[in-house]
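Asker: For the sequence shown, position 7 matches number 7 in UniProt numbering, and the numbering has no gaps at all. Handing you this structure, nothing more for now.
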Amino acid sequence: MEPSRAAFSYAKGEAIADQAKANVMKIDGVGLQSHFIVGSTPSTDAQFENTKASTALGVDFALTELDIRTEKPETDAALAQ
């Protein structure tokens, strides 16, 4: 995923959290779903930045889903990534 897409995803989540807070709704936590494709995942730095931004909202944070897709048929190189 390119950085602009990661930033868009975070901006969308932040906007939803801000709207909920403005309407006096209590937010207990944030769940992050990750749908990766072998060879196209965000950099480790981008993933850490997104996590830091989410935890900065001041609520609990959890990785709630993680799936990693690879092309068929699998190759040893793809599985190693």
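Backbone N, C-alpha and C fix where the C-beta goes; we use that ideal spot for every residue, glycine too.
Going by alpha carbons, who is nearest to Lys-21 out of Leu-57, Glu-65, Arg-69?
Answerer: By 1-based counting over the sequence shown, the position of residue 21 is 21. Looking at the Cα atoms, Leu-57 is the closest of the given residues.
Asker: CA-CA distance, Leu-63 and Ile-27?
Answerer: Here residue 63 is taken as the residue at index 63 of the sequence shown, counted from 1. Here residue 27 is taken as the residue at index 27 of the sequence shown, counted from 1. The alpha-carbon atoms of Leu-63 and Ile-27 are separated by roughly 16 angstroms.
Asker: Just to check my reading of the structure: Asp-60 and His-35 have Cβ atoms closer than 8 angstroms, yes? What is that Cβ distance to the nearest angstrom?
Answerer: Here residue 60 is taken as the residue at index 60 of the sequence shown, counted from 1. Here residue 35 is taken as the residue at index 35 of the sequence shown, counted from 1. Not really, about 22 angstroms apart at Cβ, beyond 8 angstroms.
Asker: Between Val-43 and the rest of its own chain, which residues show a CB-CB distance below 6 angstroms, the 5 nearest in sequence each way excluded?
Answerer: Along the sequence shown, one-based indexing puts residue 43 at 43. Note that residue 43 is Ser in the sequence shown, not Val. Here the set comprises nothing.
Asker: So who's on the other strand from Gly-31, going by DSSP bridges?
Answerer: To locate residue 31, count along the sequence shown from 1; it is residue 31. Partner(s): Ala-62.
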